[in-house]
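Residue numbers (my numbering): 1 to 78.
Where a beta carbon is used, it is the ideal one built from N, C-alpha and C, also for glycine.
Note that this is a predicted model, so its numbers are computed, not measured.
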C-alpha cells in the first residue's frame with residue numbers, strides 16, 4: 001500500500017478540491033459516489049491504470065491523503 005499525504009489534518013474543502021482535480025485527470029475514473037463513514041470520514045474511490053486509488057479525509061487518523069495499491073500514482077502528476 002502506498003500513501004501520499006495531502007494535509008496533516010482533515011479538511012472537507014480541500015477534500016472537495018482534490019476530488020475535482022482527480023476527476024479532471026483522464027486516467028482517473030471515479031467509482032460510485034463519495035462515501036461518508038459514521039465518524040465523518042470521506043472516501044472517494046478511483047481506478048487509475050487498473051489500480052485502486054482512495055482519496056480519504058480520515059477523521060480517525062486526522063489527515064487527508066491518497067492511498068493506492070500501486071506506486072503508479074506517484075508518477076501521475078496529481
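Determine whether the beta carbon atoms of residue 43 and residue 4 lie at a separation below 8 Å.
It is not a contact, given that the beta carbons lie outside the stated cut-off.
Simplified DSSP assignment, three categories, for residue 25
coil
First and last residue of the uninterrupted beta strand (DSSP E) at residue 47:
42-48
Rounded distance between the beta-carbons of residue 60 and residue 80, thought under 8 Å:
With the chain represented from 1 up to 78, any question about residue 80 goes unanswered, as that position is not in the structure.
Pairwise C-alpha distance: residue 68 and residue 52:
6 Å
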